[in-house]
Ligand code: UD1
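Numbering (the numbering used here), first residue to last: 257 to 678.
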């Protein structure tokens, strides 16, 4: 298993290209199952999660070709010959559940293993299932698999989500495009990845209104066509790399970054004393001198502060002036990075869903362990600001969500290298 070695750093300068969004790509890929015509995604990120989704789609009979060094995914589902999403693939990644809605909508039946994914809480799929039931699906849970049927096809329905779920909104949205009649999704997720999915589905011929708001209305159509669609910029990779010059000093432009993707996060950076400038090229972040102020953060669905940037922000608060409170409202058990940061000299106390972080003058390098995707990158950022060497082990989590992290950070001056097989 690879590790990442980071040495405490001086200033960082330069440009970091931001990839297409992992989470958008993972929902756009299953959209291929909705049509027998080709769907091509450009600006795809090169990540192990994308490979897992490729394997899953191929196991169903879809053709998926990775072109232009992985940045283009050419897919076709004209020959789907298997309707079972197997445990061995699904367990690797929770987003596998996103094949359920499209398969059910197009073929009237699907069997999908209950998913795995990052160990950041219970993460049930009840909302996905309830939404599909509201569209007439008959579901049975048997031997760890969801057996779904819609004899005669899905029908439009009213879905009232009791809480905001990105994945359940995506599954329901895709399924509703081919359901008979009108579907209304109330309390829908508003994330940019949902907007991106709706835009792609519309190119395929779907009739959708209201994406980006809490109510999405879908008028089902008989069939969808092919399309070509660029994956939206990854706002989480963007937010993560925006922090690099904040930890180390210097000035970095995140190419392709847009303020509307990270507004709540940028507002917190501003409160902390770091200004972010939107330029033609992307988002420019600079820290020349001056202290970072401690600020409180509460995670919330978009447009709130993203849970996927909480670990990185906690790492920053470890070197801020004063005490901050970080409240995690989306996933329980999402402070697994805290004990690792403490190993690096951080002062953090966790009580339930709240972490109290008191800034220290200097973090110290240490061997630490990545416990989930975002936790791993927070430890790399902390290591860049620490004195001495930090070795982050179990970086397979990192490779699920950050393409070529050592190349991207290395190119702006970070002292970072991958150690193979440690
Ligand atoms: C997606 C993102 C993930 C991000 C999360 C929240 C992808 C591939 N992953 O995950 O990176 O952290 O949104 O922004 O896009 N819940 C239920 N029942 C369900 C579904 C969800 O109780 O059926 C709960 C979850 O446990 C969690 C909350 O709802 O507490 C939000 O989860 P959800 O928005 O569904 O997250 P994901 O789509 O899994």
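Yeah, the Cβ is synthetic: ideal placement off N, Cα and C, and Gly gets one too.
Counted within 10 angstroms of its Cβ, other Cβ atoms place residue i as buried (16 or more) or exposed
i, result
"residue 332", "buried"
"residue 376", "Per-residue confidence for residue 376 stands at a pLDDT of 46, beneath the threshold of 50, marking its modelled position as unreliable; no derived number is given."
"residue 469", "exposed"
"residue 471", "exposed"
"residue 544", "exposed"
"residue 323", "exposed"
"residue 352", "buried"
"residue 668", "buried"
"residue 533", "exposed"
"residue 547", "exposed"
"residue 489", "buried"
"residue 596", "buried"
"residue 257", "exposed"
"residue 608", "exposed"
"residue 657", "buried"
Closer than 7 Å: residue i CB and nearest the ligand UD1 heavy atom
i, result
"residue 358", "no"
"residue 653", "no"
"residue 593", "no"
"residue 262", "no"
"residue 282", "yes"
"residue 404", "no"
"residue 656", "no"
"residue 613", "no"
"residue 562", "yes"
Residue nearest to residue i in terms of C-alpha spacing, selected from the options
i, options, result
"residue 286", "514, 456 and 413", "456"
"residue 666", "297, 508, 362 and 609", "508"
"residue 337", "418, 348, 317 and 621", "317"
"residue 528", "536, 451 and 541", "541"
"residue 735", "560, 268 and 313", "Nothing in the structure corresponds to residue 735, since the chain is present only between 257 and 678."
"residue 661", "380, 615, 503 and 274", "274"
"residue 391", "364, 398 and 620", "364"
"residue 562", "620, 405, 519 and 299", "519"
"residue 536", "515, 548 and 415", "515"
"residue 617", "550, 653, 304 and 412", "550"
"residue 631", "655, 659 and 567", "567"
beta-carbon residue i near the ligand MN non-hydrogen atom, thresh 7 Å
i, result
"residue 414", "As presented, the structure is devoid of the ligand MN, carrying the ligand UD1 as its sole ligands."
Interface flag, residue i vs chain B, CB-CB below 8 Å
i, result
"residue 568", "The question asks about chain B, but that chain is absent: this structure has only one protein chain."
query = Curious, which full-length alpha helix (DSSP H) runs of at least 4 residues does the stretch 271-344 contain?
reply = For the stretch 271-344, the full-length alpha helix (DSSP H) segments reaching 4 residues or more read 278-284 and 304-315 along the chain.
message = Restricting to runs no shorter than 3 residues, where is the beta strand (DSSP E) found entirely within the stretch 556-581?
response = Runs found: none.
ask   = What are the start and end residues of each continuous beta strand (DSSP E) run of 3 or more residues lying completely inside the stretch 475-510, in chain order?
value = The qualifying runs are 483-486.
key: Residue ranges of each beta strand (DSSP E) within the stretch 339-419, 3 or longer   = 365-369, 394-398, 401-405 and 414-416
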